[in-house]
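For the sequence shown, position 34 (counting from the first letter as 1) is numbered 266 according to the numbering used here, and the numbering increases by one without interruption.
The structure under discussion appears below in the form of structure tokens.
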Amino acid sequence: MKRFTLLLAIAIMSCSAALAQNVSEKMNFTNFTSIDAEYAYQINVTKGSSNTIEVIYPERLKEHLKIFVSGETLNLSTNFPKKDLWIRGMDLKDDEKIIVNVEMEEIKSLYLSGAASLRANGVFQTKNFKLSISGAVEIEDVLYINAETFAYSISGASEASVSGNFTTATGHISGASEFELNGSTESLSLGCSGASETQFNGSVSNKASIECSGASEVTLTGNCSTISIQCSGASEVDAEDMKSLNATATASGASFIKVHADETLTLKTSGGSKIRYYGKGKYVPQESPSSPIARGK
């Protein structure tokens, strides 16, 4: 019995060692400026001009990984069935990782899904930048990038933090995701829904437009010329420290808004919502509000 137990233990250890055995492979591609990842790849991007790629992965998955460049996009995907991976033994074990180390000069777009993660080193510059992540994706640390336009979509319990200077920044956060944006832009358009959380820290030289719904939270700090806030569905927008000249805020459905303005204020509440306003701006009610509107202390 002892001999059988010992043999079984050795067999289990041998299997574990085989599962943990990794392969390192280097690939040379040219002229890719975007990344599209559809699986639990851990991607490390370093700013540079070589377009080199190093992939470290469990040897048993060698035939199932698809890594190629199409157009200007580096594709990271798989060819095994999308369903019941654990039954087929194709899911990643706790001690297994697929690591992709990439060097690239420019990032035009990132499309990440399926529990992928990305960490970027360096400050990137491009004309138009697009970020689309879903399905428990994580942008680790802060992605530093400057662009004329920044379009973003964050969904499915994903997390991201971006810092940079833009002309326009437009996008939506949903599905219990978390997003932080730092920097400056001429115009900001931000939508937040589905129990998500968003923070903006920086300056908006023209207008900031904020829409928040579905038990979500938005916090803004910095300054802007004009801010417009629409808040519904038990959501909260805290813009007390976003110092604006002109502000318009509408709260409905048990929502709560804090807003700061030093010149004009246009405020409206309904459905048990509240607005607190700050700054030198004077609020003159045009009609009796159905819910409290008051100057914050």
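Even for Gly, the Cβ is constructed at its ideal location relative to N, Cα and C.
Keep in mind that this is a model prediction, so the values were computed, not measured.
- Annotation for Ala401: the continuous beta strand (DSSP E) segment containing it runs Glu391 to Ile405.
- Of all alpha-carbon atoms in Leu306, Phe382, Ser428 and Tyr510, the one lying nearest the alpha-carbon of Ser366 is that of Ser428.
- Proximity to Asn433 across Tyr510, Cys456 and Ile489 peaks at Cys456, based on C-alpha coordinates.
- C-alpha of Leu342 to C-alpha of Leu499: approximately 38 angstroms in a straight line.
- A direct Cα-to-Cα measurement between Val369 and Asp268 gives close to 12 angstroms.
- Boundaries of the beta strand (DSSP E) around Ser341: Ser341 to Leu344.
- Taking all protein chains shown into account, Ser345 has 16 or more neighbouring C-beta atoms within 10 Å of its C-beta and is therefore buried.
- A Cβ-Cβ distance of about 6 angstroms is found for the pair Val277 and Met336, placing them in contact under the 8 angstroms criterion.
- Within the DSSP secondary-structure output, Leu363 pairs in a beta bridge with Leu342 and Tyr384.
- No Cβ-Cβ contact shorter than 9 angstroms links Ser421 with Thr399.
- DSSP links Gln357 through a beta bridge to Asn378.
- Within the stretch 259-334, the runs of beta strand (DSSP E) that reach at least 3 residues and sit entirely inside it are, in chain order, 266-269, 273-279, 284-290, 297-302 and 305-310.
- When DSSP reads this structure, Gln253 sits in no beta bridge, so it has no partner.
- Phe488 and Arg527 have their C-alpha atoms spaced approximately 13 angstroms apart.
- In the three-state reduction of the DSSP assignment, Val516 falls in the coil class, being assigned neither a helical nor a strand state.
- In this structure, Gly407 lies near Ser387, with their beta-carbon atoms less than 9 angstroms apart.
- Apart from the 5 residues on each side of it in sequence, Phe382 sits with its Cβ closer than 6 angstroms to the Cβ of Phe361, Phe398 and Ala401 in its chain, given in chain order.
- Cα atoms of Thr451 and Glu286: separation of roughly 39 angstroms, rounded to the nearest angstrom.
- Judged by DSSP secondary structure, Ala427 falls outside any beta strand (DSSP E); it is assigned neither H nor E.
- Following the DSSP letters along the chain, one finds Lys500 inside the beta strand (DSSP E) bounded by residues Phe488 to Thr501.
- DSSP, read as helix, strand or coil, puts Gly434 in strand.
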